[in-house]
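Numbering (the UniProt record's numbering), first residue to last: 1 to 317. For glycine and all other residues, C-beta sits at the position ideal for the given N, C-alpha and C. Below is one structure; the comments refer to it alone.
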């Protein structure tokens, strides 16, 4: 199917006969493969008598060599379809693959967000990105790490057309009130000794419709009005990560605290923080030097951190 998709990705018409010759199969077998493409990958293919077959929209597929040659020292693997890039990254660590390395996918069948939520992952529309780093005995290197990743994602999005991108504590990138990217960090090993951390990043790139998403969302294409080459985005994101991760390692998160707060869209806003059935109402003061959220609650400053927390703007804001 991937060979057929590569023949069709230019968005032009291709005759069934030409496709059959290129693939070494009959025209009826071509038709069956086209039906598989539509069913399996959710692609729309136009059929016009006398002209042949055409993808409804041209596709630019991820190119591991193009991305890898732009980066210093990261190996890159691209999967056509996978359960999730984070899951594959963790399996690769278990197999002994040497970090740093990058896992990308055209589609995820079981993409995950924070707190076990599904991350909608249509084929060849968005960026599903997992970077694996090795951390040697440096708990300090983990302080505020997801917030540092958020800064890198935000800067990459701004550089490629999403000028209004900003941050929402702890792991989201928004444009206005609409989510454009999410971050999921997973740790394996002993943080006090040697461990690996997977920086999982999902970015809505060229997606224009998604019935399954249960919150307000937007995409690079919706914000800029034009399609974005995901290869360019993967390279720009990787370069921003290299810059911010180096700064974080050299000077610690406290040196990035002010920059993060300056880009936090909910700074000074009234919010509700929930953990399970418990809810705390307060006003966002900012973050501390480890990336925990500072809220003013009933006139008193309180600090909150943890992966199971959810932050929402209050209705009275």
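| Check | Outcome |
| --- | --- |
| Local Cβ density within 10 Å of residue 40, reported as buried at 16 or more and exposed below that | exposed |
| Sequence-distant residues of the same chain with beta carbon closer than 8 Å to residue 107, five excluded per side | 41, 80, 81, 82, 121, 122, 123, 124 and 128 |
| Buried or exposed by the 16-neighbour rule on C-beta atoms within 10 Å, applied to residue 88 | buried |
| Segment contact flag, the segment 269 to 277 with the segment 139 to 155, C-beta cutoff 8 Å, min 3 pairs | no |
| Enclosing beta strand (DSSP E) for residue 107 [first to last residue] | Neither: residue 107 is in no beta strand (DSSP E) and is coded neither H nor E. |
| Delimiting residues of the beta strand (DSSP E) encompassing residue 77 | 75 to 79 |
| Span of the beta strand (DSSP E), counted from its first residue to its last, around residue 183 | 178 to 189 |
| Separation of residue 96 from residue 86, as counted between CA atoms | 15 Å |
| Environment of residue 47 [buried if 16+ CB atoms lie within 10 Å] | exposed |
| Closest Cα partner of residue 200 within the set 156, 244, 280 and 104 | 104 |
| For residue 160, three-class secondary structure by DSSP | coil |
| For residue 247, the three-state DSSP class (helix, strand or coil) | helix |
| For residue 134: DSSP bridge partner residues | 196 |
| Simplified DSSP assignment, three categories, for residue 292 | coil |
| Cβ contact (3+ pairs, closer than 8 Å) linking the segment 251 to 268 and the segment 167 to 178 | yes |
| Residues that DSSP places opposite residue 270 in a beta bridge | 283 |
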